[in-house]
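Down below is the structure, laid out as structure tokens.
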Amino acid sequence: MTYVIINALTPIFVIMILGFWAGKAKMVDNKNVSLLNIFVMDFALPAALFSATVRTPWSGIVHQGSLIVVLTLSMWIAYAAMYFIATKGFKKSPQDSAVLTLTVALPNYAALGLPILGSVFGNSSSTSLAVAVSIACGSVLMTPFCLLILEREKSRAAGTAQGSTLSMLPVLMWRSFKKPIVLGPLLGVILSAIGLHMPHIVLHAIKPLGIAATGSALFLTGVILSARKLTINKAVLVSFLTKNLIQPFIAWGLVVIFGIQPQIAVTAILMIALSAGFFGVVFGNRFGVQSPDAEATLLLSSALCIVTLPLFLSLTSGMMH
């Protein structure tokens, strides 16, 4: 099992190291990655997420309802708690806190989900469905929280904010949901729900973008990291512990409370136990928000996932018997 985890994590580190090297060697301008960010955030990732969700049968999504509830609540609880700690405890700005908490709350479903679940349940259609549902939950039900805060602070900085956050909510929601990174998977879910099958030629046309999504996002993350001086501080340690240990136990508590059947319970716990994802860092960069703690958390969570993930694999093994 350790080999499976190392095998799943290796591409993540290799591609980020290549991006880091490219930035340090000045092959890529690591101070200005807006063009690469536009490609990743507005084209590659939306295409990948749209393809994943539009091909997921609506009946399968409904059947995975209990998985959706556990994943969503685990992410929301972790996000709310970490955002409070970041703003009140560590006195971070709302933008920095939003980026850090998204990094903590949203696991790396896209890169690690299928290898890890496949090693436990086999590479079946139900495994692929569970990963697709996890990706949809993260992109549709989690990322808008971060976008809402970033859009709000952007409006305030520009002097265009009118009234309280609550009064601004409809405008902020519209700005967030029309972003390709949210609109892509949301549109895929809607089309799946109404039973509209996307023509094969359309999916075939955007397939290269989807294939490039994870690799380009990891490369971009490496380039961003190359421009920073990373340090491990109290905020990073708290974020790591929240992501790699506390959040999976939150998921565990939820599956016990709801009495969820074993296979879905194990799936939910292992999906939440994955290392931190790169969305927070990439989102922040798009809005000009630098969060060294989020970047350090991403690296620490990914590196030590090799220790914490086997822990939850071992703890959940008894559920299936």
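Per the UniProt record's numbering, residue 1 is the first one in the sequence shown, and the count goes up by one each step.
Think of the CB as a built atom: it goes at the ideal place given N, C-alpha and C, for glycine as much as any other residue.
Counting C-beta atoms within 10 angstroms of its own C-beta, glycine 159 has fewer than 16 neighbours from the protein chains shown and is therefore classed as exposed. Glutamine 95 places its beta carbon less than 8 Å from that of valine 289. A Cβ-Cβ contact shorter than 8 Å links phenylalanine 20 with glycine 222.
A direct Cα-Cα distance of roughly 34 Å separates alanine 105 from proline 199. Its Cα nearest to that of phenylalanine 39, the residue Asn285 stands out among Thr231, Val140, Ser125 and Asn285. Pairwise C-beta distances place the stretch 61-77 out of contact with the stretch 115-125, as fewer than three of them are shorter than 8 Å.
The beta carbon of glutamate 151 sits closer than 7 Å to the beta carbons of Leu172, Arg175 and Ser176 from its chain, once the five residues preceding and following it are set aside; these are given in chain order. Sorting Asn37, Ile5, Met27 and His197 by C-alpha distance to the C-alpha of threonine 214 places Asn37 at the top. The beta-carbon distance between alanine 294 and valine 99, rounded to whole angstroms, is 5 Å. This is short enough to meet the 8 Å contact definition.
In this structure, DSSP gives proline 57 a state outside helix and strand, which the three-state scheme calls coil.
8 Å or more divides the Cβ of glycine 138 from the Cβ of threonine 53. Within the stretch 43-130, the complete alpha helix (DSSP H) segments at least 4 residues long are 45-54, 58-63, 65-84, 94-105 and 109-121, listed from N- to C-terminus. Alanine 276 sits in a strand when the DSSP states are folded into three classes. Rounded to whole angstroms, the separation of the alpha carbons of histidine 63 and glycine 259 is 16 Å.
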